[in-house]
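Written below as structure tokens is the structure these notes are about.
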Amino acid sequence: MTTTVAVLGSTGSIGTQALDVVRGEPDRYRVAALGAWSSVELLADQAREFRPEVVALGDPARAGELRALVPSATEVVAGQDALTSVAGHADVVLNAVVGFAGLPITLATLEAGHRLALANKESLIAGGPVVQRARAGGGGEIVPVDSEHCALHQCLRAGGDHEVARLVLTASGGPFRGRSGADLAEVTVDDALAHPTWSMGPKITVDSSTLMNKGLEVIEAHELFAVAYDRIEVVVHPQSVVHSMVEFSDGATLAQLSLPDMRLPIAYALAWPERSGIPFGAIDWARLARLDFEAPDADAFPCLGLAYEAGRAGGSAPAWLNAANEVAVDAFLAGRIPWSLIAEVLKSALAEHDGTPLDDVEAVIEVDRRARELTTKIVERSVTA
Ligand code: NDP
Ligand code: MG
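Reading the sequence shown from the start, the letters are residues 3 to 387 in the working numbering.
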């Protein structure tokens, strides 16, 4: 039977790799919908190749251009809610949009009772309680695409929830692993974007360099698997071959190993509960000389600790931190603040968090808005200081 797939964020790093997965198993999948923000040419190329029923464009100003380029049978929808409106069009919706903008897609997919292949971790982190309600009430399920959580999802199949002792998330350590705080004062945007093992979009690559990505992933793991923060650990593993581990109550640890290739977790989420028929690289055990593990450096990379703090505070604190982080990362990428100030800005922003409860999606949007406003002011102050 063919599985219909909606790839939202199809022009990005995850989106294009997802289409590669679909290309590899044409009898298994049919692309029902594609969506992106404003990459009209690439989106049109994808529409011509995959012939979806509908293509969604976030930026309404370019809808006319897109209509002129896609096959006549393909409907084009455009505007703020366009991607969300197509979330119900498929058996599996891959949310590969970057940032908080992915929240309505996550909610709409779960509320419609569909499977959500979730790359957009920000929606789960910011929308925590609201997403959980949609997940429980709508009948939809989340299958994680993030490689660590995909690994945990696989390892957790080996035991019951009550038998889980610890989740151990691995981190590559990013481009600045092993460097001290003082040594990091002068790093540039290009340095931060040069990830040693993964090729990803700019936002998550910067998050990897600060270890905020791992911090966000700790919150993501808590939300996905309902494991307490005291039982979620992070270990640095520079080879990115062990993608994460679960330690069970008897001391047995299960790990998932594979070459660093995001197509594997994407294919896992699309094929679930089956497995993909395509091997994304095989480990050559005789050549894999070593697997290293070390503790993360909490002093040089304070963002990891800030994420634990926000996660433990719960409620709207993760949403607040997530919004502040998006503003700080944008400011860094625009050359407005140095890398070393990202954590400082986030620390100041988190200190102002006031514990508003997250009762509904409007409350999440309001917390996100206020945190962005505050963080923008903190950035302005530090620019003029
Ligand atoms: P990219 O920046 O490469 O791609 C982002 C995609 O989202 C593009 O298709 C972009 O469209 C679209 N987009 C951006 N803003 C909006 C918006 N406001 N509304 C609708 N669509 C929008 O990001 P990545 O693929 O790297 O990351 C996507 C998500 O997956 C992130 O949440 C990230 O944390 C997560 N992830 C990524 C991994 C990776 O290897 N890249 C690994 C694990 C998780 P356009 O091209 O038109 O701008
Ligand atoms: Mg990850």
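Glycine is no exception: its CB is placed at the ideal position from the N, C-alpha and C atoms.
Remember, it's a predicted structure, so these values are computed and weren't measured experimentally.
Can you tell me the Cβ-Cβ gap for residue i and residue j, rounded? I've got them flagged as a contact below 8 Å.
{"i": "Val57", "j": "Val72", "result": "6 Å"}
{"i": "Leu266", "j": "Thr5", "result": "In fact, because the Cβ distance is near 17 Å, the residues do not count as touching under 8 Å."}
{"i": "Ala46", "j": "Thr13", "result": "That belief does not hold up - the Cβ atoms of Ala46 and Thr13 are roughly 10 Å apart, past 8 Å."}
{"i": "Asn97", "j": "Leu118", "result": "6 Å"}
{"i": "Asp209", "j": "Val331", "result": "7 Å"}
{"i": "Leu2", "j": "Pro146", "result": "With the chain running from 3 to 387 in the structure shown, residue 2 is simply not present."}
{"i": "Leu293", "j": "Val243", "result": "6 Å"}
{"i": "Asn324", "j": "Leu218", "result": "7 Å"}
{"i": "Ala121", "j": "Gly90", "result": "With 8 Å as the limit, Ala121 and Gly90 do not qualify as a contact, their Cβ atoms being about 19 Å apart."}
{"i": "Val220", "j": "Ile234", "result": "5 Å"}
{"i": "Leu85", "j": "Val100", "result": "12 Å between Cβ atoms; not a contact."}
Is residue i near ligand 1, with its Cβ less than 8 Å from a heavy atom?
{"i": "Ser201", "result": "yes"}
{"i": "Leu81", "result": "First, the amino acid is wrong: residue 81 is Gly here, not Leu. Not so, every heavy atom of ligand 1 lies at least 8 Å from the Cβ."}
{"i": "Pro198", "result": "no"}
{"i": "Asp209", "result": "yes"}
{"i": "Thr111", "result": "no"}
{"i": "Val132", "result": "no"}
{"i": "Ala144", "result": "Looking at the sequence itself, residue 144 is Ile, so the reference to Ala does not match. Checking the Cβ of Ile144 against ligand 1 gives no."}
{"i": "Ala98", "result": "yes"}
{"i": "Gly66", "result": "no"}
{"i": "Ser12", "result": "yes"}
{"i": "Ile206", "result": "yes"}
{"i": "Glu51", "result": "no"}
{"i": "His44", "result": "Contrary to the premise, residue 44 reads as Leu rather than His in this sequence. Indeed, a heavy atom of ligand 1 lies less than 8 Å from the Cβ."}
{"i": "Ala8", "result": "no"}
Give the DSSP-derived three-state secondary structure of residue i in the structure shown.
{"i": "Ser149", "result": "helix"}
{"i": "Pro295", "result": "At residue 295 the sequence reads Phe, which differs from the Pro that was named. Here Phe295 sits in coil by DSSP."}
{"i": "His234", "result": "What sits at residue 234 in the sequence shown is Ile, not His. It is a strand residue."}
{"i": "Ser15", "result": "helix"}
{"i": "Ser74", "result": "coil"}
{"i": "Arg69", "result": "helix"}
{"i": "His197", "result": "coil"}
{"i": "Ala187", "result": "coil"}
{"i": "Leu290", "result": "coil"}
{"i": "Thr6", "result": "strand"}
{"i": "Val208", "result": "helix"}
{"i": "Asn215", "result": "helix"}
{"i": "Arg383", "result": "helix"}
{"i": "Val132", "result": "helix"}
{"i": "Arg64", "result": "helix"}
Does ligand 2 have a heavy atom nearer than 8 Å to the CB of residue i?
{"i": "Asn215", "result": "yes"}
{"i": "Ser149", "result": "yes"}
{"i": "Glu219", "result": "yes"}
How should residue i be labelled, buried or exposed, when 16 other C-beta atoms within 10 angstroms of its C-beta is the threshold for buried?
{"i": "Ile285", "result": "exposed"}
{"i": "Glu165", "result": "exposed"}
{"i": "Phe52", "result": "buried"}
{"i": "Gln48", "result": "buried"}
Is the shortest distance between the beta-carbon of residue i and the beta-carbons of chain D less than 9 Å?
{"i": "Glu113", "result": "The question asks about chain D, but that chain is absent: this structure has only one protein chain."}
Please go through the region 313 to 376 and give each complete alpha helix (DSSP H) segment of 4 or more residues, from N-terminal end onward.
-> 319 to 335, 341 to 353
Entirely enclosed beta strand (DSSP E) segments - the region 240 to 285, minimum 3 residues = 244 to 250, 255 to 259
Give, in chain order, every unbroken run of the alpha helix (DSSP H) that is at least 4 residues long and sits entirely within the region 134 to 178.
-> 149 to 157
Mind pulling the alpha helix (DSSP H) runs of 4 or more residues that sit fully within the region 21 to 53?
-> 42 to 52
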